[in-house]
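Number of protein chains: 2
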Amino acid sequence: MTIVTTTIRGTLLSTPTSEVLDVREDHVVTVGDDGRIVSVEPAEINHAPVDIHLDRGTVLLPGLIDLHVHAPQWPQLGTGLDLPLDEWLFRYTFPLEARCADLGFANSIWSALVPALLARGTTTAVYYGSIHEPATVALAEACVRHRQRAYVGRVAMDHPQGTPAFYRDPSASEAVAASARSIEAIRALDSPLVQPIITPRFIPACTDALLEGLGELATASGALVQTHCSENDWEHGYVLDRFGVSDSVALSRFGLARDHSVLAHGCLLSDDDLTLLSRLGAGVAHCPLSNVYFGNAVFPLRRALERGLRVGLGSDIAGGAEPGMLAVCAHSVNVSRMLDDGVDQRLGSERRGVADSAIDATTAFWLATVGGAEVLGLEAGRFEPGQWFDAFTVTTIDETDRHNLDLVGTRLGIWPDLDDWPRRFEKIVRRATPADIGHVWVGGQAVSGGRALSGG
Amino acid sequence: MTIVTTTIRGTLLSTPTSEVLDVREDHVVTVGDDGRIVSVEPAEINHAPVDIHLDRGTVLLPGLIDLHVHAPQWPQLGTGLDLPLDEWLFRYTFPLEARCADLGFANSIWSALVPALLARGTTTAVYYGSIHEPATVALAEACVRHRQRAYVGRVAMDHPQGTPAFYRDPSASEAVAASARSIEAIRALDSPLVQPIITPRFIPACTDALLEGLGELATASGALVQTHCSENDWEHGYVLDRFGVSDSVALSRFGLARDHSVLAHGCLLSDDDLTLLSRLGAGVAHCPLSNVYFGNAVFPLRRALERGLRVGLGSDIAGGAEPGMLAVCAHSVNVSRMLDDGVDQRLGSERRGVADSAIDATTAFWLATVGGAEVLGLEAGRFEPGQWFDAFTVTTIDETDRHNLDLVGTRLGIWPDLDDWPRRFEKIVRRATPADIGHVWVGGQAVSGGRALSGG
Chain F
6 MTIVTTTIRG TLLSTPTSEV LDVREDHVVT VGDDGRIVSV EPAEINHAPV DIHLDRGTVL
66 LPGLIDLHVH APQWPQLGTG LDLPLDEWLF RYTFPLEARC ADLGFANSIW SALVPALLAR
126 GTTTAVYYGS IHEPATVALA EACVRHRQRA YVGRVAMDHP QGTPAFYRDP SASEAVAASA
186 RSIEAIRALD SPLVQPIITP RFIPACTDAL LEGLGELATA SGALVQTHCS ENDWEHGYVL
246 DRFGVSDSVA LSRFGLARDH SVLAHGCLLS DDDLTLLSRL GAGVAHCPLS NVYFGNAVFP
306 LRRALERGLR VGLGSDIAGG AEPGMLAVCA HSVNVSRMLD DGVDQRLGSE RRGVADSAID
366 ATTAFWLATV GGAEVLGLEA GRFEPGQWFD AFTVTTIDET DRHNLDLVGT RLGIWPDLDD
426 WPRRFEKIVR RATPADIGHV WVGGQAVSGG RALSGG
Chain D
6 MTIVTTTIRG TLLSTPTSEV LDVREDHVVT VGDDGRIVSV EPAEINHAPV DIHLDRGTVL
66 LPGLIDLHVH APQWPQLGTG LDLPLDEWLF RYTFPLEARC ADLGFANSIW SALVPALLAR
126 GTTTAVYYGS IHEPATVALA EACVRHRQRA YVGRVAMDHP QGTPAFYRDP SASEAVAASA
186 RSIEAIRALD SPLVQPIITP RFIPACTDAL LEGLGELATA SGALVQTHCS ENDWEHGYVL
246 DRFGVSDSVA LSRFGLARDH SVLAHGCLLS DDDLTLLSRL GAGVAHCPLS NVYFGNAVFP
306 LRRALERGLR VGLGSDIAGG AEPGMLAVCA HSVNVSRMLD DGVDQRLGSE RRGVADSAID
366 ATTAFWLATV GGAEVLGLEA GRFEPGQWFD AFTVTTIDET DRHNLDLVGT RLGIWPDLDD
426 WPRRFEKIVR RATPADIGHV WVGGQAVSGG RALSGG
């Protein structure tokens with residue numbers, strides 16, 4: 006029988022569907038010793054003793070899910086983004102990732118990265134590690150230690166043209182064996198928080214034999230799969246040249262596009278690809294900011310959702326310069342607006358963009374919570390009994406105006422006190438920073454929040 | 006004779022041209038009692054006693070110039086951005102601005118806004134006030150009090166169709182008279198920091214008589230002019246319908262597009278418009294984030310620069326959700342990349358975007374400093390003798406990793422200590438927050454910096 010271990014009272018904001026902001030003022034959430042929500046009820050019904058009473062200006066939000074993080078690239082966040090993808094990888098990124106052969110170096114990154122993401126409300130992250138087994142397992146250990154829900158993958162890459170000699174698996178068979186061992190090692194940590202994930206880097210970095218072997222490993226192990234898919238013109242064209250079909254078709258033939266596979270980017274997915282992936286149960290990690298630099302086009306999000314494709318959001322650290330998923334939400338709104346309107350003023354407005362592409366802050370937040378959870382098959386993102394209690398708080402009123410939420414509006418009485426939640430929610434999504442984040446919970450337990458880490 | 010009042014030693018970063026990052030390690034800047042730079046020399050040459058010695062991880066940058074701020078809209082920052090421009094104005098923005106009839110209300114905004122911008126390194130701001138003379142003059146006083154260099158304009162708007170009855174000048178002649186009085190009142194403050202600026206809101210809000218009267222006032226008073234210009238399809242089409250010519254041509258006929266006029270947005274400026282404005286000496290306040298929401302297209306920045314047009318950056322608070330000009334720099338890079346690549350994946354890459362549109366962090370920073378100064382005819386933006394000493398510092402190394410610059414890279418030795426400045430600079434532009442900003446100087450005098458205000 007579940008024992009209630011934590012009771013929290015306050016205002017809950019969540020997005021149960023992509024179009025609905027659900028506001029529950031003065032509710033009580035009870036959390037069980039299994040880390041899941043037991044009940045969510047109005048305070049006037051549930052009179053249980055409260056452990057944490059959130060003040061009027063603080064809201065509780067479901068934890069954010071980052072579907073695409075390259076952990077070793079954390080130190081180069083925000084740099085090198087003027088280079089083409091292949092040059093960025095070979096001159097800049099592969100040398101950095103290769104240094105994770107040094108376990109001490111890797112651990113110094115993980116011990117900075119994982120808390121930094123938790124501090125931003127990222128309660129679940131899907132990580133690319135490096136090709137190194139020790140560094141990858143150490144990343145999983147760091148997630149357990151800091152209490153972040155995570156999917157951690159050893160990167161597999163063996164193609165002699167698509168990888169540099171200094172950062173490459175020695176052969177397809179050795180790569181598959183190393184990935185299999187990393188799955189076992191991560192499972193041996195025996196944490197409910199952390200799962201292994203099979204991680205062929207992307208098709209250009211993998212031989213046919215490796216892709217085939219990892220597809221078989223997915224079936225044999227039951228582990229999820231992540232990779233990149235139809236990211237940009239160069240990569241998309243490469244796969245067409247090599248296989249005569251799109252990434253989606255190729256990945257499906259290798260058994261890598263399957264139920265709950267996490268496919269990053271998808272900027273160039275055709276309607277047929279979207280339908281295929283939807284049928285297979287695979288999902289897309291939409292990385293709006295990274296795609297500005299490396300994607301060559303905007304992921305057709307609305308078309309994907311209309312076809313029933315699972316979609317969540319990713320920071321793509323460090324192809325994206327922004328580690329916080331609220332900021333990534335804002336970027337997803339921005340690029341959707343630019344797809345909708347178009348960019349080239351010399352075209353008439355009717356020919357400039359793609360009508361009906363825009364999303365708002367509610368849909369963006371849904372992508373970063375429920376959407377991401379559905380991609381992974383995770384019971385999270387909603388404030389409902391049975392869901393994991395992964396959540397965080399944002400303080401929206403601060404007498405000292407220290408926060409760059411700039412909720413001077415509230416203090417000046419621009420909004421009625423608890424009225425106009427959609428506008429407040431929009432402001433939270435666009436303006437909240439780590440300094441505005443207080444509590445963070447993963448699996449029902451408190452972890453270090455933003456304020457602690459940002460030293461405010 | 007100028008007396009040196011401040012001597013600062015450290016690393017100076019600036020962008021003297023749009024393509025050049027100038028790095029001067031271990032230099033000494035001396036500042037005179039007139040607020041201008043006296044000398045900039047290597048420390049090995051200048052042995053003067055130093056007042057402030059910046060540590061190895063701290064850099065000195067020229068102050069940021071925000072060419073377009075709607076001061077009364079500060080409380081609604083980050084909200085309402087899913088509405089079309091005309092609806093956003095009438096339902097949402099005009100009612101807020103109208104409340105500045107209450108001087109106490111207005112002052113409570115100014116006293117939050119001005120320090121918040123200074124804390125982000127915005128040493129010069131070009132403000133739209135409200136239609137109210139007392140509130141507008143109070144904004145100028147707030148800039149003097151907090152020591153921000155500023156151009157402050159009383160908003161003139163009298164068109165019975167283009168404005169709501171509750172927020173409108175009673176007539177063209179009364180509007181011109183009120184603007185003239187506000188110029189005198191701001192000049193009477195007798196501060197070298199603050200200038201008045203003539204501010205017809207935009208053509209749809211102004212009658213012909215008002216536009217004509219303000220053009221004459223510009224000639225008579227010698228004050229600069231600011232307005233909006235070719236912002237989006239609706240506004241651009243409106244002006245074409247009303248006058249049969251573009252905004253640029255219409256504004257030039259009214260004497261409002263003139264030397265150092267600040268024209269916001271310009272998303273739909275034609276090549277002929279760009280050439281005309283360049284010849285007139287007018288400049289564009291490029292507001293990349295606001296344009297995502299209200300612009301319908303990306304300002305053709307590279308084409309404008311090639312034609313010799315003066316261009317700087319604006320936050321367009323609160324059409325843009327981001328008050329910090331470094332963040333606006335990052336957005337300007339983002340939208341330039343999206344214009345370059347295009348957005349619609351269904352088009353072939355050769356037809357998707359506008360080649361040669363991309364800018365990098367160096368050009369973006371140049372726009373926010375030298376570019377903005379050239380629009381205004383201001384001697385600022387460069388570390389050279391005779392320039393105003395408007396500047397700020399960014400701390401790039403922090404042992405506690407508190408800053409979300411995430412310069413873990415430096416601590417891990419990813420970069421050689423003082424090597425690879427272009428990458429560091431890119432990271433500063435994309436990642437520095439108010440918490441990373443230490444000192445801020447305007448006209449040679451220290452003002453409250455980011456750390457003080459963000460309480461970290």
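Quick note, the sequences are listed as chains F and D, same order. Take the first sequence: its letters are residues 6 to 461, numbered as in my numbering. Take the second sequence: its letters are residues 6 to 461, numbered as in my numbering. The C-beta atom is built at its ideal place from N, Cα and C for all residues, glycine as well.
query: Identity of the residues DSSP links to residue 205(F) by a beta bridge; result: 161(F)
query: Closest residue to residue 310(D) among 362(D), 78(D), 343(D) and 76(D) (Cα-Cα distance); result: 362(D)
query: Three-state class that DSSP yields for residue 431(D) in the structure shown; result: helix
query: Host alpha helix (DSSP H) of residue 239(F) (start-end); result: 238-248
query: Residue 345(F): first and last residue of the uninterrupted beta strand (DSSP E) it sits in; result: Unbroken run through residue 345(F) is the alpha helix (DSSP H), 330-346; no beta strand (DSSP E).
query: Rounded separation between residue 11(D) and residue 374(D) - CA only; result: 22 Å
query: Under 7 Å (Cβ pairs) to chain D, residues found in the stretch 254-274 of chain F; result: 272 and 273
query: Beta-carbon spacing of residue 177(D), residue 214(D) below 8 Å; result: yes
query: Beta-carbon neighbours of residue 343(F), restricted to chain D and to distances below 7 Å; result: 297, 343 and 348
query: Rounded separation between residue 36(F) and residue 346(D) - CA only; result: 48 Å
query: Three-state secondary structure (DSSP) of residue 47(F); result: strand
query: Coil, strand or helix - residue 32(D) by DSSP; result: strand
query: Short-range partners of chain D found in the stretch 296-326 of chain F, where Cβ spacing is below 7 Å; result: 297, 298, 301, 302, 303, 305 and 326
query: Option in 13(D), 337(D), 70(D) and 125(D) with minimal Cα separation from residue 380(D); result: 70(D)
query: Length of the line joining the Cα atoms of residue 188(D) and residue 92(D); result: 31 Å
query: Cross-chain neighbours of residue 83(F) in chain D, by beta carbon under 7 Å; result: 431, 432, 435 and 436
query: Best match in 68(F), 157(F) and 51(F) for proximity to residue 451(F) [C-alpha to C-alpha]; result: 68(F)
query: Beta-carbon contacts of residue 49(F) that lie in its chain and below 8 Å, excluding the five residues immediately before and after; result: 31
query: Residue 359(D) at chain F interface by Cβ criterion, 8 Å; result: yes
query: Closest by C-alpha distance to residue 112(D), when choosing among 212(D), 144(D) and 100(D); result: 144(D)
query: Residue interval of the alpha helix (DSSP H) (run including residue 298(F)); result: 293-299
query: Chain-ordered residues of the stretch 105-121 of chain D with a beta carbon less than 9 Å from chain F; result: 110, 113, 114, 117, 118, 120 and 121
query: Proximal residues to residue 453(D) (C-beta, below 8 Å), its chain only, five neighbours per side dropped; result: 120, 123, 124, 151 and 445
query: Straight-line gap, residue 103(D) to residue 447(F) (C-alpha atoms, nearest Å); result: 45 Å
query: Residues of the stretch 361-378 of chain D with Cβ closer than 7 Å to any Cβ of chain F, in chain order; result: 365
query: Beta-carbon proximity check, residue 115(F) vs residue 323(F), cutoff 8 Å; result: no
query: Limits of the alpha helix (DSSP H) - the one that residue 371(D) falls within; result: 366-371
query: Selection from 278(F), 338(F) and 349(F) that minimises the alpha carbon distance to residue 366(F); result: 338(F)
query: Any 3 or more C-beta pairs closer than 8 Å across the stretch 211-229 of chain D and the stretch 163-181 of chain D; result: yes
query: Whole-number beta carbon distance between residue 204(F) and residue 232(F), since they are thought to touch under 8 Å; result: 7 Å
query: Inter-residue Cα distance where the pair is residue 392(D) and residue 42(D); result: 6 Å
query: Distance, residue 154(D) Cα to residue 128(D) Cα; result: 6 Å
query: Minimum Cβ-Cβ distance from residue 339(F) to chain D less than 8 Å; result: yes
query: Given residue 329(F) as reference, the closest of 277(F), 251(F), 437(F) and 305(F) once Cα atoms are compared; result: 437(F)
query: Distance, residue 106(D) Cα to residue 181(D) Cα; result: 18 Å
query: Integer-rounded CB distance, given that residue 74(D) should sit under 8 Å from residue 160(D); result: 12 Å between Cβ atoms; not a contact.
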